[in-house]
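In this note's numbering, the protein residues as written are 99 to 345. The next block holds one structure in the form of structure tokens; read it before the comments.
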Amino acid sequence: MSNSTPSTDPLTNAIIITGGAQRVGMAVAKDLAARGHSVVISYRRDKASLEELQQLGITCIQADFSSQTGINQFIAAVKLCCNSIRALIHNASDWQPESVNVSPQDTMTQMMQIHAMVPYQLNLALAELLGSNGCGDIIHMTDYVEKTGSKKHIAYAASKAALHNMTKSFAALLAPTVKVNSIAPGLIMFNEDDDEAYRQKAKTKSLMAIEPGANVVIDTVNYILSNTYLTGSCIDLDGGRALASKK
99 MSNSTPSTDP
109 LTNAIIITGG
119 AQRVGMAVAK
129 DLAARGHSVV
139 ISYRRDKASL
149 EELQQLGITC
159 IQADFSSQTG
169 INQFIAAVKL
179 CCNSIRALIH
189 NASDWQPESV
199 NVSPQDTMTQ
209 MMQIHAMVPY
219 QLNLALAELL
229 GSNGCGDIIH
239 MTDYVEKTGS
249 KKHIAYAASK
259 AALHNMTKSF
269 AALLAPTVKV
279 NSIAPGLIMF
289 NEDDDEAYRQ
299 KAKTKSLMAI
309 EPGANVVIDT
319 VNYILSNTYL
329 TGSCIDLDGG
339 RALASKK
């Protein structure tokens, strides 16, 4: 565990983003920092992006969530650098398919660890800081497949469904001082090595038939943060994918 920024006075109303050093998580972190929020991200491995994030005033904390020790250390680091939390955004994710090279037990354990165990423990451990100023948010980043399942990513889909279910439980537990909602994305951004045939096929799975990019997640996060009457809900950010097969 290491903090990539020099120690400073404790942050007030910080926004914590797990997995905030790349792709959508990084885009959300940069947007919230630009809006004047104090932002803290977790990252698993050193990345070139960390220097840019630091220059924007974002606190970057290394965390390996694959172990209980890593979870405990991250919780301790957040409590040390923050005296109150405005929002906790669970963006850290892993996309492990079923494979003959990894045992089913290890696959399910890995998926449940990152998508269920980590949010569960962070929510409980940081709830007091979230509600300390009378207004807090927890946002769970789930997935379209939480509802449909996935024959190639069975454990992944199950773990995201568990995270979705926790949205309901924590919303009831932490109301009215903390709102808890989830975002269930479909296709947001392609990977650089995705070929054109795959991209075209993936886009046709939704009614909108586009690669929307990180801005749609940014807009949704800011909507949730600004809405004082939204809790226990899931926003399906999938371009109408559920309806695409019914056209």
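The beta-carbon is built from N, C-alpha and C at its ideal position, and this holds for glycine as well. Here the structure is a predicted model, which is why all the values come from computation and not from measurement.
Cut-off 6 Å between Cβ atoms - residues of its own chain near Ala269, not counting five sequence neighbours on either side: Val278, Thr329 and Gly330
Cutoff 8 Å; reference Val216; Cβ partners in own chain excluding five residues on either side: Thr116, Phe163, Ile169, His188 and Ala190
Chain-order list of residues whose beta-carbon lies under 8 Å from that of Asp107 (same chain, five-residue window excluded): none
Endpoints, the alpha helix (DSSP H) within which Ala295 is located: Glu294 to Lys301
Three-state secondary structure (DSSP) of Val216: helix
The region 213-229 in contact with the region 250-269 per 3-pair CB rule at 8 Å: yes
Contact under 8 Å by Cβ, Asp241 with Ala307: no
Span of the beta strand (DSSP E), counted from its first residue to its last, around Tyr327: Here Tyr327 belongs to no beta strand (DSSP E), and DSSP marks it neither H nor E.
Contact the region 117-126 vs the region 300-317: 3+ CB pairs below 8 Å: yes
Unbroken stretches of the beta strand (DSSP E), 3 residues or longer, contained in the region 223-269: 234-239
Cβ-based burial, Thr205 [other Cβ within 10 Å; buried from 16]: buried
Burial state of Leu341 (16 or more Cβ within 10 Å): exposed
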